[in-house]
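Asker: Under my numbering, the first residue of the sequence shown carries the number 6, and numbering increases by one thereafter. Even glycine gets a Cβ: it sits at the ideal position worked out from N, Cα and C.
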Amino acid sequence: MSRRKLSLPECGIYIGSAIYVSYADYTVGTGRLFTTWVPENHDPEWYLEKTVSENQGNLVQLWPNGIKQQLRAAAWWRGMVGNGVAIPAPDWKNRKMLRPEDWEEIAANDDRKGEGMFKFVKKAGEMGIRTMLIYGADEVNARYAKATTGLGDIFLGHDLGEVFTFRFESEDTALVRSNAEIFSLSKIAEKFKETVKEVLDKERECGYDCIMSTGVSFSVDYEVAAGLDLPVFEDYAENPASALCRGLMRQYGLPAWGTHMNHEWYAWLPYSCKYRMESFRNGMYIKYMSGSKLLINECGNWYLQSNLCQDSPMVTSVPKLQPPSQERLGNDFDYSAGFVEEARKSYPLIGYDSAPAKEYRRMISEFYDYVKMNGTPAGQPEAKIAIAKGNLDLGASASGFNPNCAVGSYVLADRNPAWFAGQPERGWDTAYQVFFPRPDVTGKYYNRYISGTPFGQVDIVSFAGDISAEFLLKNYKLLVFMGWNTCSEAQYRILTEYVKGGGTLFISIPHFSMDDTRNYTNYTVADLVRNGDFSELCGVRIKGRGRRFYWATCADNVTEFEFPFPRRFGIMATCLGEMEIVGKVDTLLVEDENMKPLMIRHRCGKGEVYFLNSWNYPGALDQDRGPSAELDSPGVIGYVLRALANKARGTVYVTDDGIMPRKECDYIMYSYFPEDGSVCLMNIDFDREHTFRLHLPDEKRTVKLAPSEFLRFKI
Numbered sequence: 006m007s008r009r010k011l012s013l014p015e016c017g018i019y020i021g022s023a024i025y026v027s028y029a030d031y032t033v034g035t036g037r038l039f040t041t042w043v044p045e046n047h048d049p050e051w052y053l054e055k056t057v058s059e060n061q062g063n064l065v066q067l068w069p070n071g072i073k074q075q076l077r078a079a080a081w082w083r084g085m086v087g088n089g090v091a092i093p094a095p096d097w098k099n100r101k102m103l104r105p106e107d108w109e110e111i112a113a114n115d116d117r118k119g120e121g122m123f124k125f126v127k128k129a130g131e132m133g134i135r136t137m138l139i140y141g142a143d144e145v146n147a148r149y150a151k152a153t154t155g156l157g158d159i160f161l162g163h164d165l166g167e168v169f170t171f172r173f174e175s176e177d178t179a180l181v182r183s184n185a186e187i188f189s190l191s192k193i194a195e196k197f198k199e200t201v202k203e204v205l206d207k208e209r210e211c212g213y214d215c216i217m218s219t220g221v222s223f224s225v226d227y228e229v230a231a232g233l234d235l236p237v238f239e240d241y242a243e244n245p246a247s248a249l250c251r252g253l254m255r256q257y258g259l260p261a262w263g264t265h266m267n268h269e270w271y272a273w274l275p276y277s278c279k280y281r282m283e284s285f286r287n288g289m290y291i292k293y294m295s296g297s298k299l300l301i302n303e304c305g306n307w308y309l310q311s312n313l314c315q316d317s318p319m320v321t322s323v324p325k326l327q328p329p330s331q332e333r334l335g336n337d338f339d340y341s342a343g344f345v346e347e348a349r350k351s352y353p354l355i356g357y358d359s360a361p362a363k364e365y366r367r368m369i370s371e372f373y374d375y376v377k378m379n380g381t382p383a384g385q386p387e388a389k390i391a392i393a394k395g396n397l398d399l400g401a402s403a404s405g406f407n408p409n410c411a412v413g414s415y416v417l418a419d420r421n422p423a424w425f426a427g428q429p430e431r432g433w434d435t436a437y438q439v440f441f442p443r444p445d446v447t448g449k450y451y452n453r454y455i456s457g458t459p460f461g462q463v464d465i466v467s468f469a470g471d472i473s474a475e476f477l478l479k480n481y482k483l484l485v486f487m488g489w490n491t492c493s494e495a496q497y498r499i500l501t502e503y504v505k506g507g508g509t510l511f512i513s514i515p516h517f518s519m520d521d522t523r524n525y526t527n528y529t530v531a532d533l534v535r536n537g538d539f540s541e542l543c544g545v546r547i548k549g550r551g552r553r554f555y556w557a558t559c560a561d562n563v564t565e566f567e568f569p570f571p572r573r574f575g576i577m578a579t580c581l582g583e584m585e586i587v588g589k590v591d592t593l594l595v596e597d598e599n600m601k602p603l604m605i606r607h608r609c610g611k612g613e614v615y616f617l618n619s620w621n622y623p624g625a626l627d628q629d630r631g632p633s634a635e636l637d638s639p640g641v642i643g644y645v646l647r648a649l650a651n652k653a654r655g656t657v658y659v660t661d662d663g664i665m666p667r668k669e670c671d672y673i674m675y676s677y678f679p680e681d682g683s684v685c686l687m688n689i690d691f692d693r694e695h696t697f698r699l700h701l702p703d704e705k706r707t708v709k710l711a712p713s714e715f716l717r718f719k720i
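And the structure:
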């Protein structure tokens with residue numbers, strides 16, 4: 006395990022863009038809706054010069070995407086370009102000299118693979134630019150990997166890319182290759198970690214001392230547990246992704262965490278939407294104030310790549326190819342050669358001088374100017390609330406609940422529907438609605454990513470590896486379990502120590518189940534840790550599944566929630582637990598027929614447990630379609646989380662009215678960095694100003710932020 010210390014630049018953050026080893030007239034994918042043409046014909050050094058002259062940051066990410074298919078790219082990668090060697094130009098008309106195998110000199114120089122990278126990194130360093138490699142596995146001769154690493158801090162390391170992502174069973178990725186024979190979460194997780202470790206060991210043997218990965222997989226915690234040095238999550242503004250990476254950094258003492266900003270692909274807003282490009286600008290500030298110390302823009306500023314939106318220039322303006330022999334996405338240069346002349350006519354619309362590319366460069370330059378002038382808050386933002394990513398939770402997602410997604414294995418899900426996302430995974434949506442609300446700020450288009458943080462920065466902590474009560478107590482006032490968890494005696498002791506030490510815990514019956522086969526509805530008391538005896542921690546003993554109930558409300562003497570007795574929530578159609586109360590508890594929620602407890606509070610040592618007496622996961626209780634149901638209701642569990650979060654305030658917090666963050670604060674993202682006293686505020690609304698109360702240690706302020714306004718100051 007390396008996890009070398011990451012030396013940050015003077016401005017406190019790395020900002021940069023990908024540079025592709027790829028040349029004009031080649032496709033990097035075909036298909037009626039997926040055809041992508043490369044419009045620019047430059048060696049990587051050209052983009053390096055532009056990085057400096059166009060003020061595009063202090064870091065570049067070298068991406069050897071064309072070296073297996075493009076002749077000149079393969080030659081550049083071997084250090085053959087610029088050495089007085091005449092590299093054959095592609096002859097598209099006669100379909101010659103297109104691929105590496107078309108010129109025998111490429112294979113003759115295979116022992117030089119990576120020499121071009123080494124030279125590039127040296128030159129970039131001389132220009133004051135750091136470099137990182139992505140997708141370089143098996144593409145660099147070990148001597149060049151070691152030599153490049155030996156250049157020191159000018160080379161940040163190797164990002165493996167999206168290697169460790171759960172895929173459909175027909176894909177052959179570096180993951181579970183025999184998942185048809187694996188029938189437990191623990192076996193899938195162990196196979197996952199074994200494979201990750203094998204890849205990491207191979208990369209370290211090759212010579213890299215800092216290994217990263219990029220992807221949208223929420224299983225990055227298992228990658229880190231297996232030894233990954235630095236997570237670089239692929240998104241552009243997702244607070245849940247930041248929360249997980251930040252939590253992992255604290256847990257494992259990682260040098261940093263980063264963001265692979267794939268806005269051009271992931272914005273999912275059409276080019277006609279006036280918020281599309283502003284969302285990129287805001288995304289950089291969102292990640293900046295979340296604690297990301299590495300921002301890499303994947304594409305868009307040199308030339309366009311995306312073809313997802315219906316009005317993308319790559320869809321509307323260039324030839325779309327569907328080679329007759331092609332069943333899946335790929336390239337057929339013999340076929341695409343016949344369309345090169347036509348494609349060239351559209352290059353001004355997708356190339357370096359296109360309007361979107363210019364706008365990307367302008368926004369990156371302005372953000373880089375800001376951080377050069379103002380620096381970056383030191384360390385990580387304070388987070389007093391943590392959402393637990395439970396042991397063997399392989400189904401959580403930054404993007405929310407999708408019942409069509411499998412948990413770990415589509416092979417198993419097709420055989421047993423319990424392996425599709427269900428009640429456990431739905432609980433994450435309730436947590437996100439409370440802690441990361443996404444109001445309608447993108448007009449008629451769905452807001453997939455941009456959220457406020459009305460209760461401040463919230464971490465996601467993982468039980469995939471070692472975690473201690475000491476760590477939890479040091480960092481978090483409140484720990485919330487919503488998604489899957491496979492419990493153990495050791496975990497039960499950790500949670501008990503956390504609460505006894507002063508922590509507040511929200512948890513339900515299935516979170517104490519030891520099952521790892523996705524049996525979350527038909528389990529028994531025998532499946533529960535300690536056979537259901539939670540008397541020490543929760544003040545109860547679980548005897549079995551209880552009666553089915555339909556409506557939930559608060560007990561008639563409870564006033565701590567934002568709804569009155571007897572406001573009903575439902576229809577639940579789920580089961581209580583049959584429990585014996587053996588400690589002193591307060592009943593807070595009940596079912597409405599016999600007033601049987603649905604949630605109790607038990608004081609344990611210096612802390613307290615909010616125990617949900619539900620046989621089903623909290624996600625099953627996300628039902629509010631009954632009497633007095635409001636359109637923007639977070640549901641009964643959401644109201645509970647809001648009340649708990651309001652009591653777990655940090656050093657700095659916001660409210661609408663001096664009491665609670667309400668609708669105005671849903672539009673506010675804020676963070677406090679205790680290491681240097683920085684407070685960051687942002688209005689995520691593109692169109693409207695918002696006013697709120699800012700509570701600082703020594704004063705209260707009424708703050709009004711203009712649309713998209715970002716503000717930073719120190720206390």
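Check whether the stretch 504-519 touches the stretch 527-547, taking contact to mean three or more Cβ pairs, one atom from each stretch, closer than 8 angstroms.
Answerer: Verdict: yes, contact present.
Asker: Does the beta-carbon of T136 have 16 or more other beta-carbons within 10 angstroms, so that it is buried, or is it exposed?
Answerer: As a first step, residue 136 must be located in the sequence shown, where it is residue number 131. T136 comes out buried.
Asker: Tell me the rounded alpha-carbon separation between V614 and M368.
Answerer: Stepping through the sequence shown from its first residue, residue 614 is reached at position 609. Stepping through the sequence shown from its first residue, residue 368 is reached at position 363. Near 47 angstroms, if we compare the C-alpha coordinates of M368 and V614.
Asker: Can you give me the start and stop residues for the beta strand (DSSP E) that G302 sits inside?
Answerer: In the sequence shown, residue 302 corresponds to position 297, counting from 1. Checking the displayed sequence, the identity of residue 302 turns out to be Asn instead of Gly. Residues L299 to N302.
Asker: Grab me the residues of G470's own chain with a C-beta within less than 6 angstroms of its C-beta, minus the 5 sequence neighbours each way, in chain order.
Answerer: Start at 1 with the first residue of the sequence shown, and residue 470 comes out as number 465. Correct list, in chain order: A230.
Asker: From F718 to N379, what does the alpha carbon distance come to, in whole angstroms?
Answerer: Your numbering for residue 718 matches position 713 in the sequence shown. Your numbering for residue 379 matches position 374 in the sequence shown. The alpha-carbon atoms of F718 and N379 are separated by roughly 10 angstroms.
Asker: If you check the beta carbons only, do W270 and L334 fall under 8 angstroms apart?
Answerer: Counting from 1 along the sequence shown, the entry for residue 270 is found at position 265. Counting from 1 along the sequence shown, the entry for residue 334 is found at position 329. Taking 8 angstroms as the Cβ cut-off, W270 and L334 do not qualify as a contacting pair.
Asker: Is the separation between the beta-carbon of G34 and that of N306 shorter than 8 angstroms?
Answerer: Taking the first residue of the sequence shown as 1, we reach residue 34 at position 29. Taking the first residue of the sequence shown as 1, we reach residue 306 at position 301. No, the Cβ-Cβ distance between G34 and N306 is not below 8 angstroms.
Asker: Assuming S224 and V237 are in contact, meaning their beta carbons sit under 8 angstroms apart, how far apart are those beta carbons, in whole angstroms?
Answerer: Here residue 224 refers to the residue found at position 219 when the sequence shown is read from its first residue. Here residue 237 refers to the residue found at position 232 when the sequence shown is read from its first residue. Incorrect: roughly 15 angstroms between the Cβ atoms, too far for contact.
Asker: Please report the straight-line C-alpha distance between E208 and C670, rounded to a whole angstrom.
Answerer: Position 203 of the sequence shown, counting from 1, holds the residue named residue 208. Position 665 of the sequence shown, counting from 1, holds the residue named residue 670. In a straight line, the C-alpha of E208 is about 45 angstroms away from that of C670.
Asker: So the beta strand (DSSP E) M604 belongs to, where does it begin and stop?
Answerer: Looking up residue 604 in the sequence shown gives position 599. Taken as a continuous stretch (DSSP letters only), the beta strand (DSSP E) holding M604 covers P602 to C609.
Asker: Measuring CB to CB, does T435 end up less than 8 angstroms from I576?
Answerer: Translated into positions along the sequence shown, residue 435 becomes position 430. Translated into positions along the sequence shown, residue 576 becomes position 571. No. Outside cutoff.
Asker: Out of L11, A418 and L710, state which residue places its alpha-carbon closest to the alpha-carbon of P260.
Answerer: Against the sequence shown, residue 260 aligns to sequence position 255. It is L11 whose Cα lies nearest to the Cα of P260.
Asker: Roughly how many angstroms lie between the CA atoms of S22 and P429, to the nearest whole one?
Answerer: For the purposes of this step, residue 22 is taken as the residue at position 17 of the sequence shown. For the purposes of this step, residue 429 is taken as the residue at position 424 of the sequence shown. About 37 angstroms.
Asker: With C-beta atoms as the reference, is N490 less than 8 angstroms away from G395?
Answerer: In the sequence shown, residue 490 corresponds to position 485, counting from 1. In the sequence shown, residue 395 corresponds to position 390, counting from 1. Cβ atoms of N490 and G395: closer than 8 angstroms.
Asker: Does DSSP put C215 in a helix, a strand or coil?
Answerer: Within the sequence shown, residue 215 is the residue found at index 210, counting from 1. C215 falls in the coil class under three-state DSSP.
Asker: Would you mind giving the Cβ-Cβ distance between P444 and Y672, rounded to the nearest angstrom? I have them listed as a contact below 8 angstroms.
Answerer: In the sequence shown, the residue the question calls residue 444 occupies position 439. In the sequence shown, the residue the question calls residue 672 occupies position 667. So it is a contact: roughly 6 angstroms between Cβ atoms.
Asker: In or out: A150 buried (at least 16 other Cβ within 10 Å) or exposed?
Answerer: On the sequence shown, residue 150 is found 145 positions in, with the first residue counted as 1. Its Cβ being crowded by 16 or more others within 10 Å, A150 is buried.
Asker: Are the beta-carbon atoms belonging to D464 and A248 less than 8 angstroms from one another?
Answerer: For the purposes of this step, residue 464 is taken as residue 459 along the sequence shown, with counting starting at 1. For the purposes of this step, residue 248 is taken as residue 243 along the sequence shown, with counting starting at 1. Yes.
Asker: Between I159 and K98, what straight-line distance do the alpha-carbon atoms span, to the nearest angstrom?
Answerer: Along the sequence shown, one-based indexing puts residue 159 at 154. Along the sequence shown, one-based indexing puts residue 98 at 93. Going from the Cα of I159 to the Cα of K98 covers about 42 angstroms.
Asker: CA-CA distance, E364 and A423?
Answerer: In the sequence shown, counting from the first residue as 1, residue 364 sits at position 359. In the sequence shown, counting from the first residue as 1, residue 423 sits at position 418. Approximately 46 angstroms, taken between the alpha carbons.
Asker: How long is the line joining the alpha carbons of T447 and G212, rounded to whole angstroms?
Answerer: In the sequence shown, counting from the first residue as 1, residue 447 sits at position 442. In the sequence shown, counting from the first residue as 1, residue 212 sits at position 207. Cα to Cα, the separation comes out at about 46 angstroms.
Asker: First and last residue of the beta strand (DSSP E) that includes I642?
Answerer: Within the sequence shown, residue 642 is the residue found at index 637, counting from 1. Taken as a continuous stretch (DSSP letters only), I642 belongs to no beta strand (DSSP E), being part of the alpha helix (DSSP H) at G640 to K652.
Asker: Less than 6 angstroms between C-beta atoms, sequence neighbours within five positions excluded: which residues of the same chain meet that for M294?
Answerer: Position 289 of the sequence shown, counted from the first residue, corresponds to residue 294. Here the set comprises S676 and C685.
Asker: In chain order, which beta strand (DSSP E) runs of at least 3 residues are fully inside the stretch 212-263?
Answerer: Entirely contained in the stretch 212-263, the beta strand (DSSP E) runs reaching 3 residues are, in chain order, 216-220 and 235-240.
Asker: Express the C-alpha separation of A272 and D597 in angstroms, rounding to a whole number.
Answerer: As a working note, residue 597 is residue 592 in the sequence shown. As a working note, residue 272 is residue 267 in the sequence shown. Roughly 44 angstroms separates the two Cα atoms.
Asker: What three-state label does DSSP hand D374 in the structure shown?
Answerer: Within the sequence shown, the letter at position 369 stands for residue 374. Helix, per DSSP.
Asker: Report the start-end ranges of each beta strand (DSSP E) in the stretch 403-469 that is 3 residues or longer and not cut off at the edges.
Answerer: If we require 3 residues or more, the beta strand (DSSP E) runs fully inside the stretch 403-469 come out as 463-467.
Asker: Pull up the DSSP beta-bridge partners for W556, would you.
Answerer: Taking the sequence shown and counting its residues from 1, one reaches residue 556 at position 551. W556 pairs with G575.
Asker: Excluding five sequence neighbours on each side, which residues of the same chain lie with their C-beta closer than 6 angstroms to the C-beta of D206?
Answerer: One-based indexing of the sequence shown puts residue 206 at position 201. Counting only Cβ-Cβ distances below 6 angstroms, and skipping sequence neighbours, we find nothing.
Asker: Since I believe S456 is in contact with N244 (beta carbons under 8 angstroms), could you give me their beta-carbon distance rounded to a whole number of angstroms?
Answerer: Locating residue 244 in the sequence shown gives position 239, counting from the first residue. Locating residue 456 in the sequence shown gives position 451, counting from the first residue. Correct: roughly 5 angstroms between the Cβ atoms.
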